[in-house]
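Start counting the sequence shown at 345; every next residue gets the next number (our numbering).
Every residue gets a Cβ at the ideal spot worked out from N, C-alpha and C, and that includes glycine.
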Amino acid sequence: MKSTAEVVRVKQAFAWIEEQRAIHLKAVTPAGEPVELTAEDARNLAGRLVHLATILESLASRPGEG
């Protein structure tokens, strides 16, 4: 069950926050092969992961949660 509506996608790499405790990352092609990213794609994914990390930190800092 995903905790946030925020799902990050770069090519076939997906990331999301699961149960308000961790970022999950899945990066495989439909054939089960690794996803290939250019340097630009990798920077884009990295920036989006930082964004998810910021959200995760804010969820953890809420009173009574985390």
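Whole-angstrom C-beta distance between residue j and residue i, which should lie under 8 Å
| i | j | result |
| --- | --- | --- |
| I361 | L393 | About 11 Å separates the two Cβ atoms, so there is no contact after all. |
| I367 | A397 | 7 Å |
In DSSP terms, what residue i is bridged to
| i | result |
| --- | --- |
| R392 | None; R392 has no bridge partner. |
| P378 | V372 |
Distance, residue j Cα to residue i Cα
| i | j | result |
| --- | --- | --- |
| E384 | S405 | 32 Å |
| E350 | A375 | 25 Å |
| E380 | L403 | 31 Å |
| R353 | K370 | 10 Å |
| P407 | K355 | 36 Å |
Burial state of residue i (16 or more Cβ within 10 Å)
| i | result |
| --- | --- |
| V372 | exposed |
| A359 | buried |
| A357 | buried |
CB contact check: residue i to chain B, cutoff 8 Å
| i | result |
| --- | --- |
| A366 | The chain labelled as chain B is not found in the depicted structure, where only one protein chain is given. |
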